Amino acid sequence: MAQEGSSYYDSPYMVEFYNLKWGKPSMPDMDIYWRFFTNAVTQHREAMPDKPFTVLDVGTGAGRVPLGLLQRAAAASFDSRNIRMIGLDNAQHMLDLAAKLESKANNNNTPPITWILGNALTLDELPSLLPLSDKHITIDLLVFAFNSVCHLERDGELAQFFLQVSKVLTPGTGRACIGLADWFLLNPGEDMKARAESEELPPPEDVQSVDFPGIRYHTVMNRMDCQGKLCVCGEDVQVFKQLDDGKDEEIEIHRVKHSLRWFTKPEFLAAVEAAGLQVVEVSKVDYSDETAGHDDNVYILQRM
Numbered sequence: 118m119a120q121e122g123s124s125y126y127d128s129p130y131m132v133e134f135y136n137l138k139w140g141k142p143s144m145p146d147m148d149i150y151w152r153f154f155t156n157a158v159t160q161h162r163e164a165m166p167d168k169p170f171t172v173l174d175v176g177t178g179a180g181r182v183p184l185g186l187l188q189r190a191a192a193a194s195f196d197s198r199n200i201r202m203i204g205l206d207n208a209q210h211m212l213d214l215a216a217k218l219e220s221k222a223n224n225n226n227t228p229p230i231t232w233i234l235g236n237a238l239t240l241d242e243l244p245s246l247l248p249l250s251d252k253h254i255t256i257d258l259l260v261f262a263f264n265s266v267c268h269l270e271r272d273g274e275l276a277q278f279f280l281q282v283s284k285v286l287t288p289g290t291g292r293a294c295i296g297l298a299d300w301f302l303l304n305p306g307e308d309m310k311a312r313a314e315s316e317e318l319p320p321p322e323d324v325q326s327v328d329f330p331g332i333r334y335h336t337v338m339n340r341m342d343c344q345g346k347l348c349v350c351g352e353d354v355q356v357f358k359q360l361d362d363g364k365d366e367e368i369e370i371h372r373v374k375h376s377l378r379w380f381t382k383p384e385f386l387a388a389v390e391a392a393g394l395q396v397v398e399v400s401k402v403d404y405s406d407e408t409a410g411h412d413d414n415v416y417i418l419q420r421m
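Counting from 1 along the sequence shown, just add 117 to a position and that's the residue number in this note's numbering.
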């Protein structure tokens, strides 16, 4: 009988599936993070040559952003000395995969990444970020990528997150890059349920495993169920193993459900301002035909 689950983190198979689908280091938003990373590091070294430059990737998953930055740094021969990389996630399975991918990269010319199990709403409680810590640091570049703010589904969580960002960001020079697509921003009076019902679902898809020989993932997206600004998203993922006789055996099935919250733009910006932050730039991600009509934005924030 196939093992059943309900999230992307229930098993090593699902973690790999999620990363194959959403965790590619070549995704176009990396161009923006790379530009801000290199510019910020260069300016930081001119102003404070002896102080390490610290990057915190919140909701790092399998480490797409920090691994992608270091991969580009190595390819461009960019000096990555005195750079501290931290990847934070609330799922240990994802961090285990991140550490595995880092070990595979095996680049001795790039700094090691610190993988931390933690919560986006309690950044100031991370041991190295505590004000009284002997190794107290602030964050020079914080990334919360790929619409991850939409996982802050409860009332007040968005404001709480930005307050945490304000607490840990380096005053003046620190920057936070927050990914949020236009599609996740509601217009005044818009009915999210009507929008969800009009969306065309993608066709079923088969994804071949990279790490597990003979494993194939079959995925079917389900229509969102929306109430107000909250939508429950669903995806059915079957894990098949090819047997010696060439037939496929279903070994796992995961009926994934997770809630996402939509925001109005005034609501989003009000939470930013209330935390003592300000938007200094909005960069557009060029996804071409993949997300036609749903421009992805990276909001660049600094402390006021």
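Yeah, the Cβ is synthetic: ideal placement off N, Cα and C, and Gly gets one too.
Please read all numbers here as calculations on a predicted model, not as lab measurements.
Item to complete: Taking the CB atoms as reference points, tell me whether V172 and L240 lie closer together than 7 angstroms.
Response: no
Worksheet entry | Three-state class that DSSP yields for G185 in the structure shown | helix
task: List the whole-angstrom C-beta distance separating V415 from I149, where the pair is believed to meet the contact cut-off of C-beta under 8 angstroms.
output: 5 angstroms
For L377 and S265, what's the separation of their Cα atoms in angstroms? 9 angstroms
Looking at the strands, I want to know which residues DSSP matches up with Q160.
Bridge partners of Q160: none, in fact.
* Asked: Using 8 angstroms as the threshold, is the stretch 297-311 in touch with the stretch 272-281, meaning 3 or more CB pairs across them?
  -> no
> Counting Cβ pairs, one atom from each stretch, are 3 or more of them under 8 angstroms apart for the stretch 292-303 and the stretch 317-327?
Replying inline: no
* To do: Check whether the Cβ atoms of M131 and H371 sit closer than 7 angstroms, and answer yes or no.
  => yes
**OP:** Report the rounded CA-to-CA distance for T177 versus V260, giving the unit in angstroms.
**Re:** 9 angstroms
Distance CB(N236)-CB(A179) smaller than 7 angstroms: no
*Boundaries of the beta strand (DSSP E) in which E270 is found, first to last residue*: Here E270 belongs to no beta strand (DSSP E), and DSSP marks it neither H nor E.
field: Proximity below 7 angstroms, CB of W111 to CB of K346
entry: Any answer about residue 111 is impossible in this case: the structure gives the chain only from 118 up to 421.
Which residues in the same chain have their Cβ closer than 6 angstroms to the Cβ of Q158, if we skip the five residues on either side of it in sequence? A quick correction: the sequence has Val, not Gln, at residue 158. Cβ within range, chain order: F170.
Check your understanding: Taking just the CA atoms, how far does D257 sit from T408?
Key -> Since pLDDT at T408 reaches only 46, below the 50 mark, its modelled position is unreliable, and no value is offered.
Contact check, D146 vs F263 under 8 angstroms by CB: the rounded distance? 7 angstroms
For I230, the nearest candidate out of L205, F329, I254 and W139 (CA to CA):
L205
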